[in-house]
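Everything on this sheet refers to the single structure shown next.
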Amino acid sequence: QHLVKNVELLACENVEQGVAMASAGLSALHGSFEYISADGSVETLQEALLRVPNIVSSCGGFDMGVVVGSAAGSPPGPIRVPYNNELLEGGFLKEQLQRWVDRGIIEADACSALSHLADRCAIDLSGQHFVCLGAGSEMCPTSTLLNLGATVYAVELPRPESWRRLVRCAAASRGTLIAPLRRSDSDQTASPRTLSGLAEEDFCRTAGCDLLTELPEVAAWVCAQAPGQRLCVGSYVYMDGANFVRVALAADAVIQAACEARPDVALSTLSSPTECYAVPKEVFAKCARRIYDPPAGRIHRLWYTP
387 QHLVKNVELL ACENVEQGVA MASAGLSALH GSFEYISADG SVETLQEALL
437 RVPNIVSSCG GFDMGVVVGS AAGSPPGPIR VPYNNELLEG GFLKEQLQRW
487 VDRGIIEADA CSALSHLADR CAIDLSGQHF VCLGAGSEMC PTSTLLNLGA
537 TVYAVELPRP ESWRRLVRCA AASRGTLIAP LRRSDSDQTA SPRTLSGLAE
587 EDFCRTAGCD LLTELPEVAA WVCAQAPGQR LCVGSYVYMD GANFVRVALA
637 ADAVIQAACE ARPDVALSTL SSPTECYAVP KEVFAKCARR IYDPPAGRIH
687 RLWYTP
């Protein structure tokens with residue numbers, strides 16, 4: 387009930403009031419959470435973010451590793467959605483979308499948006515720039531963006547197995563993957579470099595960063611990408627337990643730094659089914675019928691009340 391009331395206050399009554407409440411909440415978190423850097427120094431998250439503008443020119447101490455897809459420049463194709471070991475497109479995709487709506491799996495506006503894309507003969511994201519925080523996560527659209535020809539700036543932990551998967555996906559795509567590469571200790575004072583054509587193992591061995599211990603540096607790396615172009619920054623991070631709160635707040639801090647450095651930034655996020663949202667009345671009514679009407683209603687009444 388507390389979460390529902392918060393959503394009502396934030397989204398349903400007064401937009402300006404909702405934005406002010408959300409901003410105040412984030413400001414309180416940034417001022418109370420402690421950031422512990424790799425060298426053990428402690429400061430508030432807010433204080434850590436103040437260092438970002440001073441290290442953007444050095445890309446936070448990272449280089450840029452580039453993987454250009456072997457299909458770059460090839461003609462774009464239609465949107466395809468994987469389902470049951472098939473790639474659905476066009477009319478077949480629209481039919482399946484409607485079946486999902488009828489079964490209550492997706493909402494009508496999701497069907498409408500995807501059907502609009504399915505009606506297009508080709509979708510080309512060449513020249514579009516996307517930052518993916520948590521690029522290796524299962525729900526991140528990294529592979530879709532790359533296959534549609536986009537340039538993806540991938541923020542992912544320094545785990546060679548994750549980067550190997552990302553590199554191979556990029557190499558077979560129409561798009562371009564750009565990753566933060568760690569420099570050796572002897573290269574820390576050098577200017578940031580853009581490195582392409584690296585062997586897969588060399589790339590995967592040095593790629594990656596940690597939002598929890600390198601937050602200002604990662605934020606600076608993100609802010610330095612694609613100068614003069616519009617960035618779309620998306621957060622798809624996840625960790626178990628209390629670490630999810632920490633990494634979600636770190637991702638939000640990166641997004642805030644990007645918005646302050648580049649006012650034209652677009653934002654994307656992956657919503658969770660465990661959160662609470664304001665939805666149209668007809669969506670609520672349909673959901674209520676599925677919960678209470680037979681046959682499922684007999685079971686659900688044990689757990690839900692009107």
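Mapped onto our numbering, the consecutive letters of the sequence shown carry residue numbers 387 to 692.
C-beta: ideal position from N, C-alpha, C; glycine also.
Item                                                                                                                                    : Value
Under the three-state DSSP convention, the category M407 falls into                                                                     : helix
Through-space distance from Y624 to A644, alpha-carbon basis                                                                            : 20 angstroms
Residue from A674, P613 and S658 with nearest C-alpha to M525                                                                           : S658
Same chain only: Cβ atoms within 6 angstroms of S512, ignoring 5 sequence neighbours per side                                           : G535
Contact between the segment 599 to 618 and the segment 640 to 655 (3+ Cβ pairs under 8 angstroms)                                       : yes
Secondary structure of I677, DSSP reduced to three states                                                                               : helix
Own chain residues within Cβ distance below 6 angstroms of E429, not counting five before or after                                      : Y421
Delimiting residues of the alpha helix (DSSP H) encompassing V467                                                                       : V467 -> not in any alpha helix (DSSP H); beta strand (DSSP E) instead, spanning V467 to Y469.
When G463, P439 and E603 are compared against L503, the one with the closest alpha-carbon                                               : G463
Contacts around G490, its chain only, beta-carbon distance under 8 angstroms, and the 5 residues preceding and following it disregarded : K672, C673 and R676
CB contact flag (H631, A605, <9 angstroms)                                                                                              : Here residue 631 turns out to be Val, not His, going by the sequence shown. No, these two residues do not count as a Cβ contact at 9 angstroms.
Cβ-Cβ distance between C590 and V541 below 9 angstroms                                                                                  : no
Which of helix, strand or coil DSSP assigns to G594                                                                                     : coil
Terminal residues of the beta strand (DSSP E) in which P566 lies                                                                        : T562 to L567
Spatially closest choice to L598 from D488, L567 and L519, by CA coordinates                                                            : L519
G620, buried or exposed, once every other Cβ within 10 Å from all chains shown has been counted against 16                              : buried
Cα-Cα separation, E668 to G627                                                                                                          : 34 angstroms
Within 9 angstroms, strictly: CB atoms of M450 and T655                                                                                 : no
Beta-carbon proximity of T562 to V452, cut-off 9 angstroms                                                                              : yes
Spatial distance of C497 from R569 (CA atoms)                                                                                           : 45 angstroms
Backbone secondary structure at D449 - three-state DSSP                                                                                 : strand
Local Cβ density within 10 Å of S499, reported as buried at 16 or more and exposed below that                                           : Looking at the sequence shown, residue 499 is not Ser but Ala. Looking at its Cβ environment, which holds fewer than 16 other Cβ atoms inside 10 Å, A499 is exposed.
Exposed unless 16 or more other CB atoms sit within 10 angstroms - verdict on H515                                                      : buried
DSSP bridge partner residues for T430 (one or two, in chain order)                                                                      : E420
Y539 beta carbon less than 9 angstroms from that of V608                                                                                : yes
Nearest-angstrom Cβ-Cβ length linking L483 and S501, presumed shorter than 8 angstroms                                                  : 6 angstroms
Coil, strand or helix - E524 by DSSP                                                                                                    : coil
Paired residues, beta bridge with A652 - DSSP                                                                                           : C618
Whether Q403 touches V517 by CB criterion (9 angstroms)                                                                                 : no
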